[in-house]
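*Asks:* Structure incoming, see below.
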Amino acid sequence: MSLSATNDKAAQNRFAAADAIDSSYAWLRLAINVAIGTVGGVGMWSIVVAMPAIQAEFGSDRGSASLPFTLLMLGLAPGTVLMGKLADRFGVVVPLMLGCVMLATGYFLSALATSMTMLMLIFGLFIGMLGTSAFFAPLMTDISFWFQKRRGLAIGLCASGNYFAGAIWPPAIEHFIALYGWRATHLGIGAICLCIILPLALLLRRKPPPQPMLQTAAGSVGGHSLNLSPRMLQTLLVVAGLGCCVAMSMPQVHIVAYCVDLGYGPARGAEMLALMLACGIISRSASGWILDRIGGLSTLLLGAALQGMALALYLPFDGLVSLYVISAIFGLVQGGIVPSYAFIIREMFPPAQAGFRVSLAISATLVGMAFGGWMSGAIFDLTGSYRVALLNGIAWNLVNVGIVTWLLMRGRRLRLAAAIA
-12 MSLSATNDKA
-2 AQNRFAAADA
8 IDSSYAWLRL
18 AINVAIGTVG
28 GVGMWSIVVA
38 MPAIQAEFGS
48 DRGSASLPFT
58 LLMLGLAPGT
68 VLMGKLADRF
78 GVVVPLMLGC
88 VMLATGYFLS
98 ALATSMTMLM
108 LIFGLFIGML
118 GTSAFFAPLM
128 TDISFWFQKR
138 RGLAIGLCAS
148 GNYFAGAIWP
158 PAIEHFIALY
168 GWRATHLGIG
178 AICLCIILPL
188 ALLLRRKPPP
198 QPMLQTAAGS
208 VGGHSLNLSP
218 RMLQTLLVVA
228 GLGCCVAMSM
238 PQVHIVAYCV
248 DLGYGPARGA
258 EMLALMLACG
268 IISRSASGWI
278 LDRIGGLSTL
288 LLGAALQGMA
298 LALYLPFDGL
308 VSLYVISAIF
318 GLVQGGIVPS
328 YAFIIREMFP
338 PAQAGFRVSL
348 AISATLVGMA
358 FGGWMSGAIF
368 DLTGSYRVAL
378 LNGIAWNLVN
388 VGIVTWLLMR
398 GRRLRLAAAI
408 A
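Numbering follows our numbering, in which position 378 of the sequence shown is assigned residue number 365; successive positions increment by one, without gaps.
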């Protein structure tokens, strides 16, 4: 092929990228991704609603009835990395199809479970590791290839699918469990996932467009090197993700129990959790707008700092109205933290590694949620109060703030040195 022909082909690829990126098709694809995330996100919320019915049927205590959720969250971490690697190699459709089949299989098998142990294994392996793991990080990674000017907004909206699932699925599941029981409801969930996710996933077969500009090498932000190895940079992001989500888990996992301890009852706590998640949808959308204007690290630092302040508000205030207000504030400030990791990695690493690296960072946040939820409960058992658990969450949040602040200051120092030189 002649040099002229090669240049013509490269020019055509650039024009094709320009036509596809930030296009009407990109927005349609985003809508499909949000729909898939909303349906596939059922895996994270159904067991919370079904727990009382499952506990009553198997005659277990509350700790044992909580174990399917614990194994689900632990299974999500390696599953998210696996699905990210599959997306890098084969495109997003393969992990979505696999995840859909495994998720539906998990719900079908759970309806036949004869023991709590069997149910735990089903939720950990099929619904968690091989199912729900396909419907968060891989979707955020995929949509990041279709937007340039509004990439942050697209990632934030895509990540909102998980919170839409939390707002839509629980009341529907509770309604059908009351009518038909949890086993029939699980069969219905599996059928709905197959009927909706599979055809939607097939609409995403179009390959991502060629990227319109050369991506920065690992360790760079906005074209300025941080002079860190890819491994070191990824490790710092993983530790930061662990820290912020240990803190995030405290109110999300324990707000209902906290309300029971204060004498307000579980219904009030459930309302506060729903309010928190609804405000999280707003936060994730707004944070996408912020990401596009100040960048990933700055947005992450902003969200983490505000999250720490919101956690601190739970210490002096425990009145009913105060808890509603603080829960809303917490939802409004923390929703953009997790999507920031996807944006940061797309700023810092080559696109061919995006699926694996985004999934690795997101898996750290999932481990943080699982570990933090357990840790807060253990601290409560030791102290008889959630005050120390809140202080523990704030301390972990400071780990995140410290890492991100260091990365930002390092980048600024290097830019200043380069400008002087």
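Glycine included, each C-beta is placed from N, C-alpha and C at the ideal position.
On a Cα-Cα basis, can you pick out the residue from F56, V391, A297, M263 that is closest to L220?
*Replies:* It is V391.
*Asks:* Rounded to whole angstroms, what is the Cα-Cα separation between L377 and L106?
*Replies:* 31 Å
*Asks:* Return helix, strand or coil for A204, following the three-state DSSP convention.
*Replies:* Bear in mind that the predicted position of A204 carries a pLDDT of just 44, short of 50, making it too unreliable to give a figure here.
*Asks:* Which two residues bound the contiguous alpha helix (DSSP H) that contains Q135?
*Replies:* First-last for Q135: undefined, no H or E at that position.
*Asks:* Please report the straight-line C-alpha distance between G364 and Y12, rounded to a whole angstrom.
*Replies:* One C-alpha to the other measures close to 46 Å.
*Asks:* Excluding the five sequence neighbours on either side, which residues of its own chain have a C-beta within less than 6 Å of the C-beta of C246, listed in chain order?
*Replies:* R255, G256
*Asks:* Less than 6 Å between C-beta atoms, sequence neighbours within five positions excluded: which residues of the same chain meet that for L449?
*Replies:* Outside the modelled stretch of the chain, which goes from -12 to 408, sits residue 449, for which no answer is possible.
*Asks:* Quick one: is A351 buried, meaning 16 or more other Cβ sit within 10 Å of its Cβ, or exposed?
*Replies:* Residue burial is scored here from C-beta neighbours: A351 has at least 16 other C-beta atoms within 10 angstroms and is therefore classed as buried.
*Asks:* Write down the C-beta distance between T57 and A152 rounded to the nearest angstrom, noting that I regard them as a contact closer than 8 Å.
*Replies:* Actually they do not touch by this definition, with Cβ atoms about 19 Å apart.
*Asks:* Is A227 near N387, with beta carbons less than 8 Å apart?
*Replies:* yes
*Asks:* Do the segment 81 to 91 and the segment 33 to 46 make contact, defined as three or more Cβ pairs closer than 8 Å?
*Replies:* no
*Asks:* From G30 to L264, what does the alpha carbon distance come to, in whole angstroms?
*Replies:* 16 Å
*Asks:* Give me the residue from Y311, G66, A37, M60 with the minimum Cα distance to A52.
*Replies:* A37
*Asks:* Using C-beta distances below 6 Å, list every residue in its chain close to G230, excluding the 5 sequence neighbours before and after it, in chain order.
*Replies:* W383, V386, N387
*Asks:* Label T101 either buried or exposed according to how many other C-beta atoms from any shown protein chain fall within 10 Å of its C-beta, with 16 as the threshold for buried.
*Replies:* exposed
*Asks:* Give me, in chain order, the residues of the same chain whose beta-carbon lies closer than 7 Å to that of F358; leave out the 5 immediate sequence neighbours on both sides.
*Replies:* Correct list, in chain order: V233.
*Asks:* Would you check if the distance between the CB atom of A261 and the CB atom of A154 is smaller than 8 Å?
*Replies:* Annotated as proximal: A261 and A154, with beta-carbon spacing under 8 Å.
*Asks:* Taking just the CA atoms, how far does G175 sit from H162?
*Replies:* Cα atoms of H162 and G175: separation of roughly 13 Å, rounded to the nearest angstrom.
*Asks:* Does DSSP put L284 in a helix, a strand or coil?
*Replies:* helix
*Asks:* Does DSSP put P326 in a helix, a strand or coil?
*Replies:* Reduced to three states, the DSSP call for P326 is helix.
*Asks:* Drop a sphere of 10 angstroms on the beta-carbon of L403, count the other beta-carbons inside from all chains shown, and report buried for 16 or more, exposed for fewer.
*Replies:* exposed
*Asks:* Please report the residue range of the alpha helix (DSSP H) in which P217 lies.
*Replies:* 217 to 249 is the span of the alpha helix (DSSP H), which, as asked, contains P217.
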